[in-house]
Amino acid sequence: MGDSAPNELARLRRERRLMLLQLLPVVLVLTVLFGGALVLGVMQSLGFAPWFGVNTFPDFSYFGVLWSQASFWQSLWLTLYYAVAATILSLILGILLALALVRTFPSKTLYKYLYKLPLMIPYTVGIALAVIMLGNGGMLSRLMAFAGLIDDPAQFPQILKTHMGWGIIAVYVWKQTPFVALTIYAVLLGVGRETEEAAAILGANKRQIFFLVTLPQILPGIISSTLIIFAFNIGAFEAPFILGGGFPDTLPVVAWRYFNDADYTLQLQGMATVVSIALIAGGILYSYLAIYRRYERRIGRQ
Amino acid sequence: MARRNANATALSERLSPFQKVYLWLVAGFILGPFIPLIIQSFAFRWAWPDLLPSTWWLEQREKSVLPLSWDYVISPYSQVWEATLNTVFIGCAVTVICLIICLPAARVLARESFRGKPAFEFFLSMPLIVPEAAIGIALLMIFIQIGLAGTYTGIIIVHLIPTIPYMIRMLTAVYQGLGRDFEEQAMILGASRWQILRMVTLPMLLPGVVAGALFTFLVSTNIFLLTFFMGQGKIITLPTLLFSKIAGGTLDASAAGITLVVTVPGIILLVVTERFIKEEAFGKGFGN
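Sequence lines, in order, name chains E and L. Here the first sequence is numbered in the working numbering, starting from 20 and rising by one per residue. Here the second sequence is numbered in the working numbering, starting from 37 and rising by one per residue.
Structure, rendered in structure tokens:
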């Protein structure tokens, strides 16, 4: 016995080393890319750019200039508005879709292919579809003319390229409703229907079953899918760039414009914008997760 | 039977009338816009407010000096072929690299428990919740300095960021479903580590690995922003090609054709992956 204990310890240590070795590649790649981007991004936004002959690190003036512009706050407001509106709409539509998908219906197999299509194709396709449907010369406008509501494209209520952002939100919702539905459908498959059945037998009505039984069960799926789509929406570039209403643009577009400006010192200003996006997104997502964790603890799930 | 009756009161297996209508509406919302897109790609002249084109592409085809619509799409001028090759090449490279670095990690995550594992899993999911624009522009600055901007290597490296979390999740699910009984049997029977990996683990993992690989390929082919930033206009893929066609906010016949071409890989992968991908893999919560 006295002999096997050190052997056992050595074996454990060896296994531990092997385990770390297996985790190492993925950790290395993410740390270098993420950590590198993070550190250099923050340093540049604070005035470290020796390759432009700029090195005033640490210098908070780039943030100062950025945050004192009224247009920055307008851009932030627009970014958040598009992201939040699209996330909430996708969430509601996605939950409804997932709840319908767990039922049995004819041609369910076909439908399960069909609803996933937007997941499989790039956002740029969604943007093209928005242009052809919602543009002033688009299908909606033609249908309104066909119905005799308008007789000139100019009379069509502008949907794209306004700061209401209907086009941007439509693209996000088109692409993200299937994602939410897929996530929640997976959770629903995992938990089964026994608890819902039990509640039904105990006399709960549909509303009670949904809000008191189903919703708490699918909450983890709701949280993870909304985290992912909200983070994407805040950092998305192509939809606001093409379908947006011009100045003030959303923050990623603002950052891109700074970055492509002929005056390359503005790149540091762009970097300050990028860091601001990351800080704001991080803050919102962190508080969102913290509130959710607190709720989980309160209902005694963790 | 009594239970079935009880269900009928509040919990039905069948669709409610509202759900029936809703499923139709969602199908219309998802697929409907493709109808005018297809029509537009075959149109030569489609003026407002006509619901169908007044002149079709084929009617004008003989008369035109310049290539029209689909003639243009399949001609080298449109760069569709170049973009497709780039997309497939980058997707394959990303998938292979991602698989190599994620397989061992997924094995550990599925089987071992260690201190700080929840935090580690959260770290691996981080790329999904950090805004792409932030990471893209920050990395672009670095890549320009070290000469990786506008190269295939640079694009492949940045594509690893959004693909790793999905690959890890899917492979971990595969390993969890596998169990270790068969490997232990082989070990008892005297197989070496390498033999176990080659003759037991890999064949059993294969369907799941194929699913993970297909999904990673899919994610990679759909990435716009990171490719657009890193490619610097030198390397075009299908999403960036389409972006340059519609950046003005209008959609002509050839742009509609290119949109359809960009949709094709997604449809192919949809049909192929549906069989492999377990939907349960998506239900995993975030950091819990």
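For each residue, glycine too, the CB sits at the ideal point set by N, CA and C.
### Query
In the structure shown, what three-state DSSP assignment does R143/L receive?
helix
### Query
Is it the case that the CB of I165/L approaches a heavy atom of the ligand FMN more closely than 8 Å?
Only the bare structure without any ligand can be found here, which leaves the ligand FMN out of the picture.
### Message
Measuring only the C-alpha atoms, how far is D171/E from I248/E?
### Response
37 Å
#### Entry: For L73/E, three-class secondary structure by DSSP
Per the sequence shown, residue 73/E should be read as Val rather than Leu. Three-state result, V73/E: strand.
### Query
When DSSP labels each residue in this structure, what does T284/E get in the three-state scheme?
coil
### Own chain, CB closer than 8 Å to D268/E, minus 5 neighbours either side, in chain order
S94, L97, P259, F260 and R276
### Message
Excluding the 5 residues flanking G301/E on each side, which residues of the same chain have their C-beta closer than 6 Å to its C-beta?
### Response
none
### Query
In terms of DSSP beta bridges, what is F67/E paired with?
N74/E
### Query
Which chain E residues are close to Q212/L, counting only those with a beta carbon under 7 Å from its beta carbon?
Per Cβ cutoff of 7 Å: no residues; Q212/L is ~13 Å from chain E at best.
### Message
My output table needs one value for A119/E: the three-state DSSP class, helix, strand or coil.
### Response
helix
#### Entry: L118/E beta carbon less than 9 Å from that of K127/E
no
### Message
If we define contact as Cβ-Cβ less than 9 Å, is M177/L a contact residue for chain E?
### Response
yes
### Task
Determine, using beta carbons only, whether S138/E and L208/E come nearer to each other than 9 Å.
In the sequence as presented, Ser is not what sits at residue 138/E; that position holds Leu. No, the pair does not count as a contact, with Cβ atoms beyond the cut-off.
### Task
Reducing DSSP to helix, strand and coil, say where A102/E ends up.
helix
### Query
Going straight from the alpha carbon of R212/E to that of V206/E, what length do you get?
11 Å
### Message
Counting only C-beta atoms, is T299/L closer than 9 Å to chain E at any point?
### Response
yes
### Task
Using a Cβ-Cβ cut-off of 9 Å, state whether P44/E counts as contacting chain L.
yes
### Query
If you run the structure through DSSP and keep just helix, strand and coil, what is T91/L?
strand
### Query
The alpha helix (DSSP H) with R212/E in it runs from where to where?
Looking at the DSSP string, R212/E is not in any alpha helix (DSSP H), and its letter there is neither H nor E.
### Query
How far does the beta strand (DSSP E) with G83/L in it reach, from first residue to last?
First, the residue type needs correcting, since residue 83/L is Ala and not Gly in the sequence shown. First-last for A83/L: undefined, no H or E at that position.
### Query
How would you list, in chain order, the residues of chain L whose beta-carbon sits under 8 Å from the beta-carbon of V190/E?
Under the 8 Å cutoff, chain L gives no residues; its nearest Cβ is about 10 Å from V190/E.
### Query
What does A250/E reach in chain L if we use C-beta pairs closer than 9 Å?
L164, I165, V166, P167 and E168
### Query
Is it a yes or a no for the stretch 200-218 of chain L touching the stretch 243-250 of chain L, going by three-plus beta-carbon pairs under 8 Å?
yes
### Cα-Cα separation between L233/L and L139/L, rounded to whole angstroms
12 Å
### Message
Relative to the C-alpha of Q213/L, which candidate in T237/L, S228/L and T199/L has its C-alpha closest?
### Response
One point to set straight first is that residue 213/L is Gly, not Gln, in the sequence displayed. G213/L has its Cα closest to that of T237/L, out of T237/L, S228/L and T199/L.
### Task
Report yes if the CB atom of S290/L is closer than 9 Å to the CB atom of L104/L, and no otherwise.
yes
### Between the CA atoms of I169/E and M163/E - distance to the nearest angstrom
6 Å
#### Entry: Residue nearest to A79/L in terms of C-alpha spacing, selected from G64/L, Q55/L, W106/L and L61/L
W106/L
### Task
Just the chain E side, please: which residues come within less than 7 Å of C138/L by C-beta, in chain order?
V45
### Query
What does a CB cutoff of less than 7 Å around T252/L pick up in its chain, not counting 5 residues either side in sequence?
V130, T131, C134, T199, Y202 and M203
### Query
What three-state label does DSSP hand D107/L in the structure shown?
helix
### Task
Would you mind listing the alpha helix (DSSP H) stretches within the stretch 204-254 of chain E that are 4+ residues and don't spill past its ends, in chain order?
213-220 and 234-254
#### Entry: is_contact[N324/L, chain E] using C-beta, thresh 9 Å
Any reading at N324/L must be qualified, since the residue scores a pLDDT of 34, below 50, and its modelled position is unreliable; no value is offered.
### Query
Should N6/E be labelled buried (16 or more other beta-carbon atoms within 10 Å of its own) or exposed?
Nothing can be reported for residue 6/E, as the shown portion of chain E is limited to 20 through 321.
### Task
Pull up the distance between the alpha-carbon of Q115/L and that of F82/E, whole angstroms please.
41 Å
### Query
Counting only runs that start and end within the stretch 183-257 of chain L, where is the alpha helix (DSSP H) found for 4 or more residues in a row?
188-214, 217-224 and 229-232
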